[in-house]
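Working notes, beginning with the structure itself.
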Amino acid sequence: MAGQSQFALLRQRRFLPYFTVQALGAFNDNVYRQSIIALLFFLGVSTAERTLYTNLAPALFILPYFLFSAIAGQIAEKLEKHRLIVITTTMEIVIMSVAAAGFLLENMPLLLVALFLTGMQSTLFGPVKYSILPSVLRPEELTGGNGLVEMGTSIAILVGMIYGGLVFKLAGSYGPEAAALSVVTLAVAGNVVARLIPKVDAGAPALEVNWNPIPESRAVLRLARRQLAVRNAILGVSWFWFVGTVLTAQLPTYAEVYLGGVVNDTALYIFALALFSVGVGVGSLLCEKLSARTVEIGLVPLGAFGITAFLLDLYLARPGLPPATGLTIAQFLQAPGGWRIAIDLTGIGLFTGVFVVPLFALIQSRTPKSELSRVIAGLNIQNSLFIVTAAVLGVLVQMDGVTVAGLRIPLPGLSIPQVFLALGIANLLVAIWIFTLVPEFLMRLASMLLVRTLYRLRERDVDPAIPADGPALIVCNHVSYMDALILAAAIPRPVRFVMYHRIFAIPGLRWIFRHAKAIPIAGAKEDPVLMQKAFDAIDAALADGELIGIFPEGQLTRDGGIGPFKSGVERILARAAERGQTVPVVPMALRGMWASMWSRRADAAGAGRLARMRVPRRFRARIDVVAGPRIDDTAGLGAATLETQVRSLRGDAA
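Per the numbering used here, numbering of the sequence shown is gapless, rising by one per residue and ending at 654.
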């Protein structure tokens with residue numbers, strides 16, 4: 001089971017019906033919204049009236065997220081999730097029936113009312129869409145499951161936009177009837193599939209719903225910002241929507257004016273949007289492979305820097321007007337820079353997927369299940385704010401100026417390629433700011449790149465052994481200078497390692513250890529003051545609910561074996577018990593590292609440090625991190641007992 005691909009989830013009832021429902025919902029939303037625009041062309045309304053409706057429609061759809069997200073989060077927390085999904089898809093049938101009447105009567109006000117109601121239904125579905133995943137997926141499946149959801153959503157949006165835009169062309173004079181039948185049929189299909197979703201317990205069934213949206217909106221936003229890593233993950237997701245909104249909003253004009261598309265023909269625009277959407281889907285699916293089936297937030301910096309690189313190249317590829325106009329898709333690709341632009345648009349999408357999927361997985365894995373729906377509601381409120389801000393800024397930065405109360409305010413007057421350039425620079429600055437606030441992202445990236453470049457890391461029973469939240473003491477054998485980095489790459493939560501102060505000070509690794517908040521320690525005879533400071537720091541970290549990792553041998557093995565465990569582990573547990581805290585212990589073992597260039601194997605053979613620093617004979621050798629069952633009752637637990645367990649976990653694989 002551990003080696004299964006994420007695609008195996010698509011054959012399982014716990015995931016497939018849910019995946020299908022959310023994809024059908026995204027598909028239907030976009031069919032409906034594009035069909036409204038197609039109806040405007042069908043009716044032959046004036047350009048001014050069409051502009052009014054096309055700008056009003058997104059505002060009406062997004063407004064319910066501001067108004068009702070807090071209430072939706074509480075409802076999603078209180079109700080059993082299968083029941084809530086059936087309720088929301090039933091609402092969709094009713095709303096799409098109103099929309100169908102609007103199409104048949106060719107009544108735009110009625111269609112806009114239905115669009116507002118569609119936004120309200122999406123607001124109610126939003127919190128349950130992501131909060132259900134930790135309940136139906138195992139921890140090692142979260143990244144792959146989120147990748148599938150993001151892939152399904154991006155492709156559903158794209159196909160929905162294409163279908164909605166073509167339905168009137170394909171149906172001719174029966175366009176309104178075809179649009180009406182489509183949206184109602186899709187809504188009914190979603191409701192039928194929703195009934196196949198297994199029951200999932202409510203997160204907080206005893207929760208009292210506060211129906212006043214204003215104070216509750218503030219409450220869910222505070223809840224979403226309580227944990228630093230989760231708060232900044234939410235900020236990252238909102239920034240993803242900002243970047244996506246700015247980029248996709250420019251694509252229609254960009255395709256016509258700067259890519260040389262045919263006037264009033266959407267073919268090249270749809271092609272550009274398809275490249276971006278397919279890129280998002282591919283990037284989302286790659287996350288499971290890149291993260292080795294863990295919640296790997298080290299991918300977030302990789303995604304952020306990749307987005308910036310391809311945005312900057314998109315500007316450089318076509319900073320001005322095209323060499324020719326009136327181009328078909330094939331002619332555009334054959335023109336100078338065509339393939340480069342296509343690769344850039346795909347690359348932006350790909351790294352956007354790599355950026356956002358681990359953030360969703362982090363939010364889900366580090367938020368208590370009794371709060372997750374409300375945290376997602378807070379995320380939706382913030383997302384809406386970022387989307388609206390992106391839409392407004394995208395317009396303002398392209399204006400030369402605006403006059404307010406007789407006062408002219410100058411504005412940048414950027415071209416669309418310059419907007420992409422500014423977006424790439426802004427993305428880099430925001431990424432640096434977030435990673436400065438939470439160095440864990442960059443630390444995990446450095447750890448991931450270093451460990452997974454040198455080794456093929458295989459984890460066994462690690463995720464079930466590590467508590468989802470709260471303190472724990474991780475004890476492991478000590479084989480090499482890389483041990484802390486390897487464990488950090490395997491354990492889904494951040495770990496504060498206790499390490500010998502000379503290893504802590506190794507050039508090149510010191511930056512990683514310092515930002516990982518490692519705790520340097522020395523022996524009692526070597527530096528008793530530093531030793532006492534280390535035990536005080538360990539005690540404070542456990543009191544704050546953090547993970548502490550220790551190597552009870554106290555030194556690297558010189559012969560590949562496991563040395564006697566020192567009594568420091570007993571002292572740590574005793575101090576916690578004196579405070580009234582019981583700290584679970586997770587025994588772990590490293591296997592296969594004795595042959596590493598980072599071990600003392602060469603010294604043991606008398607060859608010295610220079611021989612040890614050879615190029616590894618087995619590049620990307622397989623190593624194992626094995627965890628034993630978590631020990632929750634630690635009363636009377638001694639170092640000798642833990643040593644026996646770690647020896648058993650390691651076996652003969654030094």
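In this text, a Cβ means the ideal position worked out from N, Cα and C, and glycines have one as well.
### Message
Helix, strand or coil for Asp632? Go by DSSP, reduced to three states.
### Response
Coil, per DSSP.
### Task
Identify which residue in Ile562, Thr436, Lys169, Leu84 has its Cα closest to the Cα of Ile197.
That would be Leu84, whose Cα lies nearest to the Cα of Ile197.
### Task
Output yes or no for whether 9 angstroms exceeds the beta carbon distance between Arg314 and Gly424.
For the sequence presented, residue 314 should be read as Leu rather than Arg. In contact: Leu314 and Gly424 (Cβ atoms closer than 9 angstroms).
### Message
Using C-beta distances below 7 angstroms, list every residue in its chain close to Gly165, excluding the 5 sequence neighbours before and after it, in chain order.
### Response
Answer for Gly165: Gln34, Ala38, Thr266, listed in chain order.
### Task
Have a look at Val246 and Ala540 and give me their C-alpha separation to the nearest angstrom.
Their Cα atoms are separated by approximately 44 angstroms.
### Query
Roughly how many whole angstroms lie between the Cα atoms of Phe7 and Leu148?
Cα to Cα, Phe7 sits roughly 8 angstroms from Leu148.
### Query
If you drop the 5 nearest sequence neighbours on each side, which residues of the same chain put their C-beta closer than 7 angstroms to that of Ala233?
Same-chain partners within the cutoff: Leu359, Leu362, Ile363.
#### Entry: Beta-carbon contacts of Ser154 that lie in its chain and below 6 angstroms, excluding the five residues immediately before and after
Ser277, Val280, Gly281.
### Message
Only counting the same chain, and skipping five residues up and downstream in sequence, which positions put a Cβ closer than 8 angstroms to that of Glu643?
### Response
Pro552, Ile562, Pro564, Phe565.
### Message
Can you tell me which residues form a DSSP beta bridge with Ala327?
### Response
Contrary to the premise, residue 327 reads as Leu rather than Ala in this sequence. According to DSSP, which records beta bridges pairwise, Leu327 is partnered with Gly261.
### Task
State the Cα-Cα distance for the pair Pro471 and Pro464, rounded to the nearest angstrom.
The alpha-carbon atoms of Pro471 and Pro464 are separated by roughly 15 angstroms.
### Three-way DSSP call (helix, strand, coil) for Val626 in this model
Strand.
### Task
State whether the stretch 476-484 contacts the stretch 577-590, with contact taken as three or more CB pairs (one from each stretch) at a distance under 8 angstroms.
In this structure the stretch 476-484 lies against the stretch 577-590, because at least three pairs of beta carbons, one per stretch, are closer than 8 angstroms.
### Message
Considering only their Cβ atoms, is the gap separating Gly549 from Arg600 smaller than 9 angstroms?
### Response
Cβ distance not < 9 angstroms, so Arg600 and Gly549 don't count as in contact.
### Query
If you draw a straight line from the C-alpha of Leu268 to the C-alpha of Gly160, how long is it?
Approximately 17 angstroms, taken between the alpha carbons.
### Query
Terminal residues of the continuous alpha helix (DSSP H) containing Tyr500?
Premise fails: Tyr500 lies in the beta strand (DSSP E), 495-500, not in any alpha helix (DSSP H).
### Query
Which same chain residues, not among the five before or five after Leu411, have their C-beta less than 7 angstroms away from its C-beta?
Setting aside the 5 residues that flank it on each side, Leu411 is surrounded in the same chain by Leu396, Val397, Met399, Asp400, Gly401, Val402, each with a C-beta closer than 7 angstroms to its C-beta; the list follows chain order.
### Task
Could you check the C-alpha separation between Leu311 and Ser415 for me, to the nearest Å?
Whole-angstrom Cα-Cα distance: 14 angstroms.
### Message
Taking contact to mean 3 or more Cβ pairs, one atom from each stretch, closer than 8 angstroms, check whether the stretch 522-542 and the stretch 503-514 are in contact.
### Response
Counting C-beta pairs with one atom in each stretch, the stretch 522-542 and the stretch 503-514 have fewer than three that are closer than 8 angstroms, which means they do not touch.
### Query
DSSP on Val136, reduced to helix/strand/coil?
Three-state result, Val136: helix.
### Query
What's the C-alpha gap between Pro439 and Phe27?
The straight-line gap from Cα to Cα measures roughly 38 angstroms.
### Buried or exposed by the 16-neighbour rule on C-beta atoms within 10 Å, applied to Pro368
It counts as exposed.
### Query
What does a CB cutoff of less than 8 angstroms around Ser5 pick up in its chain, not counting 5 residues either side in sequence?
The answer, listed in chain order, is Gly144, Glu288.
### Task
Express the C-alpha separation of Ala595 and Leu610 in angstroms, rounding to a whole number.
Note that Leu610 has pLDDT 44, beneath the 50 cutoff, so the model's placement of it is unreliable and the number below is only indicative. Approximately 15 angstroms, taken between the alpha carbons.
### Length at least 3, wholly inside the stretch 71-127: the beta strand (DSSP E) runs in chain order
DSSP runs (the beta strand (DSSP E)) wholly in the stretch 71-127: none.
### Query
Taking the C-alpha atoms as reference points, what is the distance between Gly126 and Ala101?
Gly126 and Ala101: Cα-Cα distance of roughly 26 angstroms.
#### Entry: Under the three-state DSSP convention, the category Pro410 falls into
Strand at Pro410.
### Task
Indicate whether Arg456 and Val625 have their beta-carbon atoms separated by less than 9 angstroms.
Cβ atoms of Arg456 and Val625: not closer than 9 angstroms.
### Query
Given Glu92, which residues of its chain have a CB within under 8 angstroms of its CB, disregarding the five upstream and five downstream residues?
These residues qualify, in order along the chain: Gly25, Asn28, Thr118, Gln121, Ala187, Gly190, Asn191.
### Query
From this set, Leu437, Leu228, Phe240, Arg575, which residue's C-alpha is nearest Ile387's C-alpha?
Taking Ile387 as reference, the option from Leu437, Leu228, Phe240, Arg575 with the minimal CA-CA separation is Phe240.
### Query
Buried or exposed: where does Arg614 fall if 16 or more other Cβ atoms within 10 Å of its Cβ makes it buried?
Residue placement at Arg614 is flagged as unreliable, the pLDDT there being 47, under the threshold of 50; a coordinate-derived value is accordingly withheld.
### Message
Looking at the strands, I want to know which residues DSSP matches up with Glu459.
### Response
Val625.
### Task
May I have the straight-line CA-CA distance separating Pro528 from Val498, to the nearest angstrom?
Distance between the alpha carbons of Pro528 and Val498: 15 angstroms.
### Range covered by the alpha helix (DSSP H) that runs through Met443
It spans 440-454 - the alpha helix (DSSP H) in which Met443 sits, taken as one unbroken run.
### Message
Could you tell me the alpha carbon to alpha carbon distance between Gly560 and Ala537, rounded to whole angstroms?
### Response
Gly560 and Ala537: Cα-Cα distance of roughly 30 angstroms.
### Given Gly353 as reference, the closest of Ser131, Ile307, Leu16 once Cα atoms are compared
It is Ile307 whose Cα lies nearest to the Cα of Gly353.
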